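Enquirer:
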Amino acid sequence: MDLYKVVRPLIFKVDPEVDHHLVANGLKLFNDNSNILRRIFYTKKRLNLQVKIKNLTFDSPIGIAAGFDKKAEFYNSLGALGAGFVEVGSVTKNAQSGNKKKRVFRLAEDQAIINRMGLNNDGIEVTKSRLEKHPSNVKIGLSLAPGHGLTDDQKVAELIEDVKAIHEDADYIALNISCPNQKGVATLQQVDLLANLLSGIKDLNIEEPVFCKFGNDIDTDELVSTLHSVEGLLDGVILTNTSGMKRENLKSANKKENGGLSGKPIFKTSIAMTELIRKAFPEMPIIYSGGVFTPEDAEKAINAGATLVEVYTGFIYNGPTLIERINRYLSEKQMISELK
């Protein structure tokens, strides 16, 4: 019996943001003693799941997407639940409170969430301090985004400075250039701005791989063209961010809420975009993000061309054992494949 599914109806009676804070507070208790969680949930590392990207070796291809541990408070706890990496943030230069509440909505009938958090976080300096005070035992991706109210040139300049300030505290950098919940962020997907941003970061000569996170709503031809234009300036892509536009065939009462849609409704698009980019750029690492709820979903993302796979909404709906179940499934599939 899956205990989480038994208690989930009660959990889902609580406001989603309040629920997240309760979970976060619980996970924070174990961040410096995460092996306790590893024993409780019987998670283990499997050598045949290791993935290498540039100078990094991930213990598992399955990780946690940005937005779950926004403030770098419980990444080791998530690693103990089986995650091979945790994407912290998104983080902006200065602390931000985000948009007005209520700003998170469950769409249970659609296995989805709509959020319009607005990049609430504690800022670069506080995040940097936490990462340095609490050494990680899981790979850390650091998602960075521009602050509120900046011009395009200011966004580019600020992000370059942010990377310079904090890159040594992360294993890889994820540039959030497509957040639908803060005005103006998605303009960074424009090729001229993106080229300036990536060129500025390249001039820093950092060792950490740099990934760009593109939106679920971007025109695919435009995406391919953009990636050709900045080829050699980035190490990989994250596909995809939440959707600010897709609302077709949703059933839930909250379907008309503004914000970024995540979960099952964007799975098909994210898979298609992954297949497209893998075909166009066979050597480019792809971090898949979008609607993974089951081991079979993760397998489909990998088969589509993903190098790593992130979970978020599926983790909320299916509970803390999801990552270990995916890891076990993928490991066993690989063992069977090797025996053939």
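Residue 24 is where the sequence shown starts when you use our numbering, and the numbers rise one by one after that. For every residue, glycine included, the Cβ atom is placed at its ideal position computed from N, Cα and C. The structure presented is a predicted model; accordingly, all values stated were derived computationally and were not measured.
What residues in its chain sit with their C-beta under 6 Å from that of K363, if we drop five residues either side in the sequence?
Expert: Note on K363: pLDDT 48, under 50, position unreliable in the model; no value is reported.
Enquirer: Measuring alpha carbon to alpha carbon, tell me which of A131, S152, G105 ends up nearest K67.
Expert: Answer by Cα proximity: G105.
Enquirer: Could you check if H364 is buried or exposed, using at least 16 other CB atoms within 10 Å of its CB as the buried criterion?
Expert: Since the displayed the chain opens at 24 and closes at 363, residue 364 lies outside it and no answer follows.
Enquirer: Could you check how far apart the C-beta atoms of L182 and V114 are, in whole angstroms? I think they sit under 8 Å.
Expert: Incorrect: roughly 11 Å between the Cβ atoms, too far for contact.
Enquirer: On the criterion of 16 or more Cβ atoms from any shown chain inside 10 Å, does Q134 qualify as buried, or is it exposed?
Expert: For Q134, the number of other beta carbons within 10 angstroms of its own is at least 16, and it is reported as buried.
Enquirer: Are there 16 or more other CB atoms within 10 angstroms of the CB of Y65, so buried, or fewer, so exposed?
Expert: exposed
Enquirer: With burial defined as no fewer than 16 other Cβ atoms inside 10 Å of the residue's Cβ, what is the status of R61: buried or exposed?
Expert: buried
Enquirer: Report yes if the C-beta distance between G313 and S293 is below 8 Å; otherwise report no.
Expert: yes
Enquirer: Does DSSP classify K236 as helix, strand or coil?
Expert: strand
Enquirer: Are three or more beta carbon pairs between the region 37 to 46 and the region 304 to 323 nearer than 8 Å?
Expert: no
Enquirer: At 3 residues or longer, what runs of the beta strand (DSSP E) sit wholly inside the region 205 to 288?
Expert: 233 to 237, 259 to 262, 283 to 286
Enquirer: Is the distance from the Cβ of N99 to the Cβ of G121 below 8 Å?
Expert: Pairing N99 with G121 gives a Cβ-Cβ distance that is not under 8 Å.
Enquirer: Distance check for T317 and K36, CA to CA, integer angstroms please.
Expert: Rounded to the nearest angstrom, the two C-alpha atoms are 23 Å apart.
Enquirer: Looking at the structure shown, is N99 part of a helix, part of a strand, or coil, going by DSSP?
Expert: helix
Enquirer: Should I349 go down as buried or exposed, given a rule of 16 or more other Cβ atoms within 10 Å for buried?
Expert: buried
Enquirer: Starting from E148, trace the alpha helix (DSSP H) both ways and give me its first and last residue.
Expert: 147 to 156
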